[in-house]
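**Q** Residue 885 is where the first sequence ends in our numbering, and the numbering goes up by one at each step.
C-beta: ideal position from N, C-alpha, C; glycine also.
Treat the numbers as computed from the prediction; the structure is a model and nothing was measured.
Take this structure first; my questions come after.
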Amino acid sequence: MPRYNPAAIEPKWQAYWEQHATFAAPKMPTGPKLYALDMFPYPSGDGLHVGHPEGYTATDIVCRAARMQGKSVVHPMGFDSFGLPAEEHAIKTGVHPRIQTEKNISTFRRQLKSLGFSYDWGREIATTDVAYFKWTQWIFLQIYDTWFDAELQKGRPISELPIPDGVQAAGADAVRDYQDERRLAYQSSAPVNWCPALGTVLANEEVIDGKSERGGHPVVRMPLRQWMLRITAYADRLEKDLDGLDWHDGIKALQRNWIGRSTGAEVYFTLPGVQDVLVPDEEGTTESLFVTTEIRIEESLDIYTTRPDTLFGATYMVIAPEHPLIDRLTKKEEAAKVQAYREQAARKSDLERTELSKEKTGVFTGSYAVNPVNDEHVPIWVADYVLASYGTGAIMAVPAHDERDFEFAKQFGLPIEAVVDPGDALPPAERNEVLDGRRYFGGEGVAVNSGKYNGLRTAEFKRKIIADLEEQGVGREAVNYKLRDWLFSRQRFWGEPFPILHELDAAGEKTGRVRAVPEDQLPVDLPHLDDFKPHGRPEPPLDKAPDEWLYPTIDGVKYKRETNTMPQWAGSCWYYLRFLDPTNTQAPIDPAIEKAWMPIDLYIGGAEHAVLHLLYARFWHKVLYDRGVVSTVEPFQKLVNQGMILGENNEKMSKSRGNVINPDEVVKEYGADALRLYEMFMGPLEATKPWNMNGVNGVRDFLGRAWRMIVDDRAEEMALSPAITDDAPNADELRVLHKTIKAVTEDVAKLSFNTAIARMMEFTNFFTKQERRPRACMEPFVLLLSPFAPHAGEELWQALGHAKSLAYEPWPKFDESLLIESSIELAVQVNGKVRGKINVAADADNGTILATAKAEPKVAEQIAGKTLTQEKVVPGRLVIFAVK
RNA sequence: GGCCGAGUGGCGGAAUGGCAGACGCUCUGGACUUAAAAUCCAGUGGGGGGCAACCCCCGUGCGGGUUCGACUCCCGCCUCGGCUACCA
């Protein structure tokens, strides 16, 4: 086999590795451990994309090098295989989603194997495996069985929830209600994003610009019973624990931003004693809005603000259209307008609410609230720029110091009163505009028009007024989060069924009580369905399941199963744990194994998962930690996001742009090693970079050069190049070798693969020119190359006379002393410009070097007749003179 | 609008205070060959000078600053990309 022929050697070594289980990881690490994880793919029908092998090759290089460095390495792969496309395919063709999913998984598995990744395939899992999602359901039950103890900041078993005496006295049902309201998994009927075209509700993050992320179908809001996970309880810990993680600051910032912690105050605006108000009828609907009476209102209108120092500038209030007090605050004269506005707001999708944001909308309720700091009566408006789901759903509007309030006030002619003097923060003209109420200023400054607080700086004002509000019982310090509880149910077929049963009464109606499926009855598998079509109503497809699945009886009580399914995120929230103990039938993972392998030392994947997947998985992990299932606080110690690979035209790869590169074709044309090497050589792992097929050809040529450096490519049979010698290498050869070992070793540790490859190219360029190539240099080089181009590495290793795979050969070590050259060239700078070069012995002392440099004719010319103000030697690099 | 990242030859990139452009692609020339492919060798930021080995000037998005010295650090902008968006 004279010529470098990847088509022959790559399948050969893939078969060898499989046959010898070369990369099977031990159950427990036997020394220093490395858990390197790729974000497992969704097995789409399109097959592997060139973006996949980018991160996968990076972790594979790290793993292969680590094995040679004596580490116990676990490097698994699996499939995130629940998801909409398979179900949509099923709806179209009538073929069960599992069949399509398994077909896609086979394709992915074949493609991944063709790239020579050193996965332990014995650990492969798919989230759609019944044996896997049994434990996804089990974890859901743990979450369901947990309440969050705010004092201890810890999730605890629901059985440990203290029950107040009053609730206890009210009976068992009251206790159950009390518990159910506090579980981390709970039901709620908040408005959701209903997408008629997909026949499902979507999470906020699956809605982009009021359209579904998948398919771009219109989305409307409607109330529906849903399962929610109380991720907000963990907001603080999710934010604080980011500190200890070895993640890029940008990704941490993204998560912090998403959690969106803010501190401020809740302030209670009292509502005047007696008002004409509208009274809702008994059902709490607004049918009988026009019935009016006089009642005494004792509530206050509570608002949240991050700027309690601007309380004196509050000239009106705004409540969200969904605010609970809205009916009671709406006066008769305004009722029709308010009602119309509410209906209009309810109809609006998020898109419309934001798209029309240029124009603020709202109506006056007719009511007033009393500002606790100055007893002024301020009008209460309804506007959809205030969100019901954030803070208290109501704000005090300070138009002088908030952009949105300012726009609204201008639109409706409401007063604007400045209470913060920007001082030097703005040019004088703009400052005066602020003080006159013609411009808003959102920054910090000095208080004005604020009674006894005048003259205080913002930060101090905040501290003081919060204390005063608390003392008077009209407010308190408060913390808020942008993060919302996680809408966890989907009206789909192809997802994990909830292990939850709804109790039925004698008439077959739901009693409103639910219970968990007993642990010994897990898993709850998906039932047989005759067809998968959604019916265009929000009820899930599982409502069409056969009765024997849908209506189980336990202890004589009849139940209806929960027919929602879990979202795709569920399976990926804990797959990294299952990889460590994939066949355990007693537990999701053996605690001893978890303790030994976790946390993940390197997690690589696309930035598109920087927020949601990572946040959700971290949340589950923390619940599992609190419940004693895992020993680690955080799952992903080090995270790296690989950059996007663009098409050859510098645009995002997509079918419609026609610039998609198919990895199979690259493997066929150039080989898997060339594909791997090219993806690593393109540029830094985290950078976005365009594909260039000439570049693939270039690294393939490099592999050919490396091949010919060692192998006689004209021989009929496999034979070493006649230049290979058993002679001892000379000093130059040793220096090049050890320089290469050092650079590649350090670059791999830094994940700087492009520069590591450049150093290996330099090695090859050097030795190709040598007519004598010592085996003692070639062998370490092959070992260095092998993590990048494993098939070529193995083949060359074999050619050099080794019978066994190089996968566990010791990684070459470098010797600093061999890196030193006998004489070195130094550049000489005068006033920052290179004026000459000198050659000195490598061990020359500074005095000798400076003298040599001064004697260099061009340097001498530059410094002649001037005063030398500085002279310095940068070891091994250059000599510096500064003259005047 | 906010946050994050990035701007260096024809192209991908290297250098994170010390010889800008490593390494590769592209292109050009040469060797080998009947020829081509493959391979090998050499050159390849711009401008200017010299018969010549070589020499000089300019050059890392733009404008300032710090420094003997800045792609690198600081201040102010511009452009592109990603994420996010009324969160009070």
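1. State the Cα-Cα distance for the pair L676 and L613, rounded to the nearest angstrom.
2. Can you tell me the Cβ-Cβ gap for R68 and A808, rounded? I've got them flagged as a contact below 8 angstroms.
3. Please classify H21 as buried or exposed, where buried requires at least 16 other C-beta atoms within 10 Å of its C-beta.
4. Check whether the stretch 87–96 touches the stretch 146–157, taking contact to mean three or more Cβ pairs, one atom from each stretch, closer than 8 angstroms.
5. On the DSSP bridge list, what partners appear for Y679?
6. What's the C-alpha gap between A151 and T393?
7. Do V697 and V667 count as a contact pair if the criterion is CB distance below 8 angstroms?
8. If you draw a straight line from the alpha carbon of Q522 to that of L625, how long is it in whole angstroms?
9. Leaving out the 5 sequence neighbours to the left and right, which residues in its chain are closer than 7 angstroms to H324 when beta-carbon positions are compared?
10. State the start and end residues of the unbroken alpha helix (DSSP H) segment that holds E434.
11. Between which two residues does the alpha helix (DSSP H) carrying F365 extend?
12. Rounded to a whole number of angstroms, what is the C-alpha to C-alpha distance between R562 and V51?
13. Which same chain residues end up closer than 7 angstroms to D39 when comparing Cβ atoms and leaving out the 5 residues on each side of it in sequence?
14. In whole angstroms, what separates the C-alpha of K104 from that of F80?
15. To the nearest angstrom, how far is it from the Cα of L869 to the Cα of T726?
16. Based on the DSSP output, what are the partners of D627 in its beta bridges?
17. Does T366 pass the burial test, meaning 16 or more other C-beta atoms within 10 Å, or should it be called exposed?
18. Here's the rule: buried if 16 or more other CB atoms are within 10 angstroms of the residue's CB, otherwise exposed. What is R4?
19. Does any heavy atom of the ligand HEM sit closer than 7 angstroms to the C-beta of F442?
20. Compute the Euclidean distance between the alpha carbons of E344 and L230, then round it to the nearest angstrom.
21. Considering Cα atoms alone, identify which of T316, N642, T147 and P813 is closest to N375.
22. Run the CB neighbour count on Q412, radius 10 Å, all protein chains shown included, and call it buried at 16 or more, exposed below.
23. Tell me whether A508 is buried or exposed, calling it buried when 16 or more other Cβ atoms sit within 10 Å of its Cβ.
24. Alpha carbon to alpha carbon, how far is V387 from Y441? Give it in angstroms, no decimals.
25. The alpha helix (DSSP H) with Q112 in it runs from where to where?
26. So T870 is in the alpha helix (DSSP H); what residue range does that whole segment cover?
27. Buried or exposed: which applies to T584, given that a residue is buried once 16 or more other Cβ atoms fall within 10 Å of its Cβ?
28. Considering only the beta carbon of each residue, do G456 and P423 sit closer than 8 angstroms?
29. In whole angstroms, what separates the C-alpha of G71 from that of Y120?
30. List the residues that DSSP assigns as beta-bridge partners of N642.
31. By Cβ distance, which residues of its chain are closer than 7 angstroms to H97, with the 5 residues on each side in sequence left out?
32. How far does the alpha helix (DSSP H) with I260 in it extend, from its first residue to its last?
33. Could you give the DSSP three-state label for A804: helix, strand or coil?
34. In terms of residue numbering, what span does the beta strand (DSSP E) encompassing K834 cover?
35. What do you get for V131, buried or exposed, if any count of 16 or more other CB atoms within 10 angstroms of its CB means buried?
36. To test your reading of the DSSP string, which unbroken beta strand (DSSP E) runs of 3 or more residues are found completely within the stretch 376–428?
**A** Checking against the coordinates, here is how it stands:
1. Position 675 of the first sequence holds residue 676. Position 612 of the first sequence holds residue 613. If I take the Cα positions, the gap works out to 30 angstroms.
2. Along the first sequence, one-based indexing puts residue 68 at 67. Along the first sequence, one-based indexing puts residue 808 at 807. Contact holds; Cβ gap of about 6 angstroms.
3. Locating residue 21 in the first sequence gives position 20, where the first residue counts as 1. That one is exposed.
4. As far as the Cβ criterion goes, the stretch 87–96 does not touch the stretch 146–157, which means the pair count is below three.
5. Residue numbering aside, residue 679 sits at position 678 when the first sequence is read from its first letter. DSSP output for Y679 lists no bridge partner at all.
6. On the first sequence, position 150 is the one that residue 151 refers to. On the first sequence, position 392 is the one that residue 393 refers to. Straight-line Cα distance between these residues: approximately 19 angstroms.
7. Locating residue 667 in the first sequence gives position 666, counting from the first residue. Locating residue 697 in the first sequence gives position 696, counting from the first residue. Yes, Cβ-Cβ distance for V667 and V697 is below 8 angstroms.
8. Sequence index remark: in the first sequence, residue 522 carries index 521 (1-based). Sequence index remark: in the first sequence, residue 625 carries index 624 (1-based). Their Cα atoms are separated by approximately 21 angstroms.
9. For the purposes of this step, residue 324 is taken as residue 323 along the first sequence, with counting starting at 1. By the criterion of a C-beta distance shorter than 7 angstroms, H324 is surrounded in its chain by A389, G394 and A395, once the five residues flanking it on both sides are discounted.
10. Counted from its first residue, the first sequence places residue 434 at position 433. Looking at the DSSP string, the run of the alpha helix (DSSP H) that includes E434 is P429 to L436.
11. For the purposes of this step, residue 365 is taken as the residue at position 364 of the first sequence. Per DSSP, F365 is not a residue of any alpha helix (DSSP H); the beta strand (DSSP E) it occupies stretches across V364 to V371.
12. Mapped onto the first sequence, residue 562 falls at position 561. Mapped onto the first sequence, residue 51 falls at position 50. Separation of R562 and V51 (C-alpha to C-alpha, rounded to the nearest whole angstrom) is 42 angstroms.
13. Your numbering for residue 39 matches position 38 in the first sequence. Cβ within range, chain order: G56, Y57, T60, M78, I605 and G606.
14. Position 103 of the first sequence, counted from the first residue, corresponds to residue 104. Position 79 of the first sequence, counted from the first residue, corresponds to residue 80. Near 12 angstroms, if we compare the C-alpha coordinates of F80 and K104.
15. Mapped onto the first sequence, residue 869 falls at position 868. Mapped onto the first sequence, residue 726 falls at position 725. Here the C-alpha atom of L869 lies approximately 54 angstroms from the C-alpha atom of T726.
16. Taking the first sequence and counting its residues from 1, the one referred to as residue 627 is at position 626. In the DSSP output, where bridge partners are listed per residue, D627 has none listed.
17. Translated into positions along the first sequence, residue 366 becomes position 365. Burial call: buried.
18. As a position in the first sequence, residue 4 is number 3, starting the count at 1. So R4 counts as exposed.
19. The ligand HEM is not among the ligands present in this structure, which contains no ligands whatsoever.
20. Counting from 1 along the first sequence, the entry for residue 344 is found at position 343. Counting from 1 along the first sequence, the entry for residue 230 is found at position 229. Taking the straight line from one Cα to the other gives about 29 angstroms.
21. Looking up residue 375 in the first sequence gives position 374. Minimum Cα distance to N375 is reached at T316.
22. Your numbering for residue 412 matches position 411 in the first sequence. Under this definition Q412 is an exposed residue.
23. On the first sequence, position 507 is the one that residue 508 refers to. That one is exposed.
24. The count along the first sequence starts at 1 and reaches residue 441 at position 440. The count along the first sequence starts at 1 and reaches residue 387 at position 386. Spanning the two alpha carbons is a distance of roughly 18 angstroms.
25. For the purposes of this step, residue 112 is identified with residue 111 of the first sequence, where counting begins at 1. Boundaries of the alpha helix (DSSP H) harbouring Q112: P98 to S115, taken from the DSSP string.
26. Counting from 1 along the first sequence, the entry for residue 870 is found at position 869. For T870, no alpha helix (DSSP H) run applies; the uninterrupted beta strand (DSSP E) run containing it begins and ends at L869 to V875, by DSSP.
27. Looking up residue 584 in the first sequence gives position 583. In summary, T584 is exposed, with fewer than 16 beta-carbon neighbours lying within 10 Å of its beta-carbon over all protein chains present.
28. Mapped onto the first sequence, residue 456 falls at position 455. Mapped onto the first sequence, residue 423 falls at position 422. No, the pair does not count as a contact, with Cβ atoms beyond the cut-off.
29. In the first sequence, residue 71 corresponds to position 70, counting from 1. In the first sequence, residue 120 corresponds to position 119, counting from 1. Each residue's Cα considered, the two are about 17 angstroms apart.
30. Here residue 642 refers to the residue found at position 641 of the first sequence. Beta-bridge pairing links N642 to G606.
31. The residue you call residue 97 lines up with position 96 of the first sequence. Hits under 7 angstroms: A91.
32. One-based indexing of the first sequence puts residue 260 at position 259. Where I260 is concerned, the enclosing alpha helix (DSSP H) stretches over D250 to I260.
33. For the purposes of this step, residue 804 is taken as residue 803 along the first sequence, with counting starting at 1. Three-state DSSP puts A804 in coil, outside helix and strand.
34. As a first step, residue 834 must be located in the first sequence, where it is residue number 833. Counting along the chain, the beta strand (DSSP E) containing K834 begins and ends at K834 to A842.
35. Position 130 of the first sequence, counted from the first residue, corresponds to residue 131. By the neighbour-count rule (16 or more Cβ atoms within 10 Å), V131 is not buried but exposed.
36. 378–383 and 395–398, all fully within the stretch 376–428.
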